[in-house]
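Residue numbers (our numbering): 50 to 166.
We treat Cβ as the ideally placed atom computed from N, Cα and C, and that holds for glycine.
What follows is a single structure, written as structure tokens, with notes after it.
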């Protein structure tokens with residue numbers, strides 16, 4: 050399986066995990082504002098922007114480590130552009146990370162704050 054297919058499979062698994070926790074899917078692979086948002090889901094009143102990080106081995110560290118300041122800023126700018134395009138700037142938002150490592154799914158709610166850089 051190539052990287053793109055692995056990424057799509059990881060995102061599908063993360064989405065199913067979040068749906069099993071009661072979240073409603075809104076969008077996948079949204080490109081806007083110079084970035085990409087892997088998943089957007091609704092969790093109660095929150096619109097949640099989700100970064101999915103999949104690791105096949107332990108050598109690369111945990112997925113959350115790959116969501117550095119530069120990545121957080123890119124996701125934040127993309128989220129702001131998405132909200133603006135939807136006319137939803139007053140909706141409460143959250144930024145989560147879902148890690149998939151060696152078959153285990155770990156959800157990190159409110160993994161980071163809005164940081165447009």
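Is DSSP giving residue i helix, strand or coil here?
| i | result |
| --- | --- |
| residue 70 | coil |
| residue 138 | coil |
| residue 162 | coil |
List the DSSP bridge partners of residue i.
| i | result |
| --- | --- |
| residue 129 | Bridge partners of residue 129: none, in fact. |
| residue 101 | 147 |
| residue 96 | 91 and 142 |
| residue 157 | 146 |
When the distance is taken between beta carbons, is residue j closer than 8 Å to residue i?
| i | j | result |
| --- | --- | --- |
| residue 139 | residue 97 | no |
| residue 90 | residue 73 | yes |
| residue 95 | residue 156 | no |
| residue 158 | residue 143 | yes |
Need the endpoints of the beta strand (DSSP E) that residue i sits in, please.
| i | result |
| --- | --- |
| residue 85 | 84–92 |
| residue 151 | Note, residue 151: premise wrong, no beta strand (DSSP E); not H, not E. |
| residue 116 | Per DSSP, residue 116 belongs to no beta strand (DSSP E) and is neither H nor E. |
State yes or no: is the beta carbon of residue i nearer than 8 Å to at least one beta carbon in chain D?
| i | result |
| --- | --- |
| residue 102 | Looking at the structure shown, chain D is missing, and only one protein chain is on hand. |
Is it true that the stretch 75–91 meets the stretch 120–135, where meeting means three or more beta-carbon pairs spaced less than 8 Å apart? In short, these stretches touch, since the Cβ pair count reaches three.
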